[in-house]
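To get this note's numbering, take the position in the sequence shown, counting from 1, and add 12. The structure appears right after this line, and notes come after that.
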Amino acid sequence: MGSTLVEKVFSSRCGTDIRAGEVVMAPVDAAMIHDITGPLAIRTFREMGGEHVFDPARVVMLFDHQVPADSIAAAENQAFMRRFAVEQGILNYDLREGVCHQVVLEKGKAAPGEIVIGSDSHTCMYGAAGAFATGVGSTDMGFALRFGALYFRVPETVRAIATGGFPERVGPKDLILAIVGDIGADGATYRAVEFGGEAISGMGMAGRMTLCNM
13 MGSTLVEKVF SSRCGTDIRA GEVVMAPVDA AMIHDITGPL AIRTFREMGG EHVFDPARVV
73 MLFDHQVPAD SIAAAENQAF MRRFAVEQGI LNYDLREGVC HQVVLEKGKA APGEIVIGSD
133 SHTCMYGAAG AFATGVGSTD MGFALRFGAL YFRVPETVRA IATGGFPERV GPKDLILAIV
193 GDIGADGATY RAVEFGGEAI SGMGMAGRMT LCNM
C-alpha cells in the first residue's frame, strides 16, 4: 500500500515508517509566532523551564494582527516579544514585512518535506510549498520552542481532485469555497487534504497559497 504525502513527510523526519493514526514525537523544522499568540507561547516556554529556544534560526517572529498597536496592551505585547527576540537571537521581522503566512513562504522558512507549526489557524497555507503545516495552541508552541519537537497524531488524508480549468472570473478562492461548501466547515477536521487534478497542476504559487490557506 502506498503512502500519503503526510505519511512520507513524517516517515522521513522520524526516520521510520509512519502511518496515519500513529502518535509520534516529530522534530519541528520551523515555528512561527505572531503578536497575538506569541506572548502566551513565550510565557509557556518560560513556565516549562525554557532558557534558550531550540534553534533561533528556525523561529519566525513578526507582528501583523494589531499593527500599529491599537492599545497599550498590544504595544506592551510587542515590546515583550522584541525583548525576547533580542535575548534569544531570533530574527524578528516585526511589523513591516507583511502577513505572517506570506512572510514565512517568501523568506523560505517552509520547504517541501518539512514539518512547520504556527500559532495561527491558517498555518496550513505552507502546504502550498509541499510542507506539512498546522496551527497549534500556545502550550504546544511553548513546548516546541523549548524542545524543537512536538507530539502529533498523524492525520488521515482526504484527496480532492479538480479537473478541467477555471472559467473567466473564477479562481482558486472560488474552488476552495466550493469544496468547503460540499464537505462542510468540519469536513476535514484533523485531516490532511491533498489537492490534485489538472486545475491544480496548472495553478501558480499564489493560487496554491489561496487554496491551502482555508
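Positions of the beta carbon are idealized from the N, C-alpha and C atoms, including for glycine.
Candidates 115, 179, 76: closest to residue 218 by CA position: Per the Cα distances, 115.
Integer Cβ distance of residue 71 from residue 169, believed to fall under 8 Å: The C-beta distance from residue 71 to residue 169 rounds to 28 Å, too long to meet the 8 Å contact threshold.
Distance, residue 132 Cα to residue 76 Cα: Taking the straight line joining both Cα atoms gives about 12 Å.
N-terminal and C-terminal residue of the beta strand (DSSP E) that residue 46 is part of: DSSP places residue 46 inside the beta strand (DSSP E), whose first and last residues are 42 to 46.
Spatially closest choice to residue 79 from 58, 175, 162, 46, by CA coordinates: Answer by Cα proximity: 46.
C-alpha distance - residue 53 paired with residue 90, whole-angstrom precision: Taking C-alpha positions only, residue 53 is separated from residue 90 by approximately 13 Å.
Helix, strand or coil at residue 115 [DSSP, three-state]: Residue 115: helix per DSSP, three-state reduction.
Stretch-stretch touch, CB-based, cutoff 8 Å, three pairs: the segment 159 to 173 with the segment 31 to 39: The way I'd put it, the segment 159 to 173 does touch the segment 31 to 39; three or more beta-carbon pairs between them come closer than 8 Å.
Opposing strand residues paired with residue 129 [DSSP bridges]: As DSSP reads the structure, residue 129 sits in a beta bridge with 43, 146.
Nearest-angstrom beta carbon gap, residue 209 and residue 173 [assumed within contact, 8 Å]: Sure, about 4 Å apart at Cβ, within 8 Å.
Range covered by the alpha helix (DSSP H) that runs through residue 31: First-last for residue 31: undefined, no H or E at that position.
Three-state class that DSSP yields for residue 63 in the structure shown: For residue 63, the three-state secondary structure derived from DSSP is coil.
Rounded straight-line distance, which links the Cα of residue 146 to that of residue 225: Answer to the nearest angstrom: the Cα atoms are 11 Å apart.
Contacts around residue 148, its chain only, beta-carbon distance under 6 Å, and the 5 residues preceding and following it disregarded: 129, listed in sequence order.
CB-CB length for residue 117 against residue 156, believed under 8 Å: The pair is not a contact, with the Cβ atoms about 19 Å apart (cut-off 8 Å).
Exposed unless 16 or more other CB atoms sit within 10 angstroms - verdict on residue 184: Result: buried.
Extent of the continuous alpha helix (DSSP H) run through residue 92: Start and end: 84 to 100.
Residue 68 vs residue 120 beta-carbon contact at 9 Å: Not closer than 9 Å, so no.
C-alpha distance - residue 87 paired with residue 180, whole-angstrom precision: Put simply, the backbone Cα of residue 87 is about 44 Å away from that of residue 180.
Selection from 83, 58, 144 that minimises the alpha carbon distance to residue 151: Per the Cα distances, 58.
Supposed close pair residue 160, residue 66 - CB separation, criterion 8 Å: About 3 Å; that satisfies the 8 Å criterion.
8 Å CB neighbourhood of residue 94 in its chain, flanking five on each side removed: Once the five neighbours on either side are set aside, the close Cβ partners of residue 94 are 104, 106.
Residue 127 beta carbon less than 9 Å from that of residue 25: By the CB criterion at 9 Å, residue 25 and residue 127 fall inside the cutoff.
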